[in-house]
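S.K.: I'd like to ask some things about the structure below.
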Amino acid sequence: MHANSRTGLILGIESSCDETAAAVVRAGSAALSNVVASQISLHANYGGVVPELASREHLRNIVPVVREAMARAGVGFDDLDAVAVTEGPGLAGALLVGITYAKALAWGIGKPLIGVNHLEGHIHAVLMEARQDLKEAMELPLLALVVSGGHTHLYLATQDRDLATQKRDLARRSDEGAWSYRNVGRTVDDAAGEAYDKVAKLLGLGYPGGPWMDALAVRGNPRAVPFHFGQIKPRVHCEGISMPNKKAPVTSGGPTFDFSFSGIKTAVLRYVETHAMRESVEARRKALAAMGGAKPGIEAVAGLCDAQTLDLIASFQYAVVGNLLRQTFAAAEAFGARGVVVSGGVAANSELRRRFQAEADRRGLPVAFPSLALSTDNAAMIAAAAWPKFVAGDFASEELAATPQLRLGQA
Ligand code: KG4
Ligand code: ZN
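Every position in the sequence shown, counted from 1, becomes a number in the numbering used here once 69 is added.
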């Protein structure tokens, strides 16, 4: 092993969706730099991520973004101990840009390459900061909710802390053993962030809709429209793939911690149609389009929303956050989790943070969220997740490929 490995400097690279990101992180806990080039304004014109455009933008941005991350960290390529890159899940063409670049770089500078699952990265965004704030590791196992535009997953996460003890000569902290995950819940259709974005779109709001809905929800009555989430049918296992069993009665198969968000999206659409809101939606869409791509302030957007729209937004958010909260804490209780972590773009939601914190306090369970900058996609989380793999010598081969449907842990 390289003499320099005690410093544990890892360059992380992330390009799974619409952010090109690079970061240098020391020993999985201190981010020396964290650079994100967002493509949001490009995709906003289309109301969602266009895969072909995303790949082109990654290709354009990857070199300057990595250079910037290295410069801000004040380190050179020789100082690095490893290069880590997101191998999936994500858009194939987008992942390929980061992986190809990372492979070439690692090969060129003679450093190991580490493949990281994007979802594991989201979990480590929280762990990395919690380690700094709490001064010691959270008790295990943890129940992790990863909730974003592409994912809504619940994992039971634990770590082999014995391995860390054996490797103490390499590891300076006591919490660097390999992590393992069990997937105990997932969405059977839309992700929560996707539901936010689709509902925002059908209400004539800009993309991505989550932050707008969050900011507008506080102005409406969350109890105005009662939305309900039905029970999800248990999954069947078919050739190794687990999928919802549409024919099974909901009572069989024990508790499920799965989610479904397509129903509430349809319910909002029906509400808009049955309450003659179409005209006001169109007026709002036109007024925002007339701003010619300039990002409006929240007062301007709120001024385009009548009380009925604000109540609908507040009620949608109240129901979605309530559903995420119930499933997460029910799973935490069922699996005896000692703490809860929430991450991914939707973890930036203010109501979600407030209600999760209140519920965790009520139950006497610690809960942790990433800072807002690390809630959405970034590369610091990829470099942080790579650290225990680096300590364990878990390196990728030259054949590392993009895996768009990559899963995390056992179901
Ligand atoms: O983690 P992320 O950057 O990308 C994915 O991996 O999907 O998450 C983006 C998603 C979008 O759906 C966006 O609308 C949602 O996170 N989001 C929010 C908020 N901020 C971002 N949803 C609700 N409230 C927010 N404050
Ligand atoms: Zn993500």
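Glycine included, every Cβ here is placed at the ideal spot set by N, Cα and C.
Going by C-alpha distance, which of Phe425, Asp258, Ala454 and Leu211 is nearest Ala100?
M.R.: Selected option, being the one with the closest Cα: Ala454.
S.K.: Express the C-alpha separation of Trp456 and Ile192 in angstroms, rounding to a whole number.
M.R.: Their backbone Cα atoms lie some 13 Å apart in a straight line.
S.K.: Hey, out of Lys334, Thr169 and Met139, whose CA is closest to Ala514's CA?
M.R.: Nothing can be reported for residue 514: it is not among the residues displayed for the chain, which extend from 70 to 480.
S.K.: Excluding the five sequence neighbours on either side, which residues of its own chain have a C-beta within less than 6 Å of the C-beta of Ser84, listed in chain order?
M.R.: The residues are His127, Ala163, Val166 and Gly167.
S.K.: Are the CB atoms of Val216 and Gly413 nearer to each other than 8 Å?
M.R.: Against a cut-off of 8 Å, the Cβ pair of Gly413 and Val216 comes out as a contact.
S.K.: Give me the Cα-Cα distance between Ala417 and Leu443, rounded to the nearest whole angstrom.
M.R.: Roughly 9 Å between the two C-alpha positions.
S.K.: Between which two residues does the alpha helix (DSSP H) containing His30 stretch?
M.R.: Since the first and last residues shown for the chain are 70 and 480, residue 30 lies out of range.
S.K.: Please say whether Asp258 and Phe326 have beta carbons closer to each other than 8 Å?
M.R.: Their beta carbons are not under 8 Å apart, which means Phe326 does not touch Asp258 by this criterion.
S.K.: Within the region 244-279, note down every full beta strand (DSSP E) run reaching 3 residues or more, in order along the chain.
M.R.: Here the runs fully enclosed are 248-255.
S.K.: Would you list the residues whose beta-carbon is nearer than 5 Å to any heavy atom of ligand 1, in the order they occur in the chain?
M.R.: Listed by chain position, these are Ser217, Gly218, Gly219, Gly262, Tyr265, Asp266, Pro277, Gly279, Pro280, Asp283, Gly413, Gly414, Val415, Ala417, Asn418, Thr445 and Asp446.
S.K.: Just to confirm my understanding: we take Phe146, look at its own chain, exclude 5 residues before and 5 after, and list those with CB closer than 6 Å. What are they?
M.R.: Within the same chain, Phe146 has close Cβ partners Ile178.
S.K.: Of all the options Gly159, Ala427, Glu368 and Thr335, which has the alpha carbon lying nearest to the alpha carbon of Leu394?
M.R.: When only C-alpha atoms are compared, the closest one is Ala427.
S.K.: Alpha carbon to alpha carbon, how far is Ser55 from Pro435?
M.R.: Outside the modelled stretch of the chain, which goes from 70 to 480, sits residue 55, for which no answer is possible.
S.K.: Give the list of continuous alpha helix (DSSP H) stretches no shorter than 4 residues that lie fully inside the region 97-184.
M.R.: Fully enclosed alpha helix (DSSP H) runs of 4 or longer: 109-113, 120-142 and 161-178.
S.K.: Determine the direct distance from the alpha carbon of Ala260 to that of Ala345, and round the result to whole angstroms.
M.R.: Each residue's alpha carbon lies about 28 Å from the other.
S.K.: Decide if His112 is buried, meaning its Cβ has at least 16 other Cβ atoms within 10 Å, or exposed.
M.R.: Looking at its Cβ environment, which holds 16 or more other Cβ atoms inside 10 Å, His112 is buried.
S.K.: Given that a residue counts as buried once 16 or more other Cβ atoms are within 10 Å of its Cβ, and exposed if not, what is Leu396?
M.R.: With the sequence shown as reference, residue 396 is identified as Gln, and Leu is not the correct amino acid for it. Its Cβ being crowded by 16 or more others within 10 Å, Gln396 is buried.
S.K.: According to DSSP, simplified to helix, strand and coil, what is Thr343?
M.R.: Here Thr343 sits in helix by DSSP.
S.K.: Give the secondary structure of Ala385 by DSSP, where H, G and I count as helix, E and B as strand, and everything else as coil.
M.R.: Just to set this straight, residue 385 is Phe in the shown sequence, not Ala. If DSSP states are grouped into helix, strand and coil, Phe385 belongs with the helices.
S.K.: Measure the C-alpha to C-alpha separation of Asp238 and Glu245 and round it to an integer number of angstroms.
M.R.: Because the pLDDT of Asp238 is 45, which lies under 50, any placement of that residue in the model is unreliable, and the question is left without a value.
S.K.: Ligand 2 and His193: does any heavy atom of the ligand fall closer than 7 Å to the residue's C-beta?
M.R.: No, the beta carbon of His193 sits no closer than 7 Å to any heavy atom of ligand 2.
S.K.: Would you call the CB atoms of Leu15 and Arg288 closer than 8 Å?
M.R.: This structure gives no information on residue 15, because the portion of the chain shown stretches from 70 to 480.
S.K.: Go to Gly81, then tell me how far its beta strand (DSSP E) extends in each direction, as first and last residue.
M.R.: Taken as a continuous stretch (DSSP letters only), the beta strand (DSSP E) holding Gly81 covers Leu78 to Glu83.
S.K.: By how many angstroms is the C-alpha of Phe459 removed from the C-alpha of Ala399?
M.R.: Going from the Cα of Ala399 to the Cα of Phe459 covers about 34 Å.
S.K.: May I ask which residues mark the beginning and end of the alpha helix (DSSP H) holding Gly372?
M.R.: Per DSSP, Gly372 belongs to the alpha helix (DSSP H) from Ile367 to Gly372.
S.K.: Output the distance between the C-alpha atoms of Cys86 and Leu188, rounded to the nearest integer angstrom.
M.R.: Each residue's Cα considered, the two are about 12 Å apart.
S.K.: Cutting at 6 Å between CB atoms, please list the residues of its own chain near Ala286, excluding the five before and the five after it.
M.R.: Excluding sequence neighbours, Ala286 sits near Ile382, Ala383 and Gln386.
S.K.: Would DSSP call Ser329 helix, strand or coil?
M.R.: Correct three-state label for Ser329: coil.
S.K.: Over the uninterrupted beta strand (DSSP E) stretch that includes Leu211, give me the two end residues.
M.R.: Segment Leu211 to Val216, the beta strand (DSSP E) holding Leu211.
S.K.: Are Ile82 and Val135 touching if we call contact CB-CB under 8 Å?
M.R.: Yes; because the gap between Cβ atoms is below 8 Å, this pair is in contact.
S.K.: From what residue to what residue does the alpha helix (DSSP H) around Gln426 run?
M.R.: Start and end: Ser419 to Arg432.
S.K.: Is Val94 helix, strand or coil when you go by DSSP?
M.R.: In the structure shown, Val94 sits in a strand (DSSP, three-state: E or B).
S.K.: Can you tell me whether DSSP reads Asn392 as helix, strand or coil?
M.R.: In the structure shown, Asn392 sits in a helix (DSSP, three-state: H, G or I).
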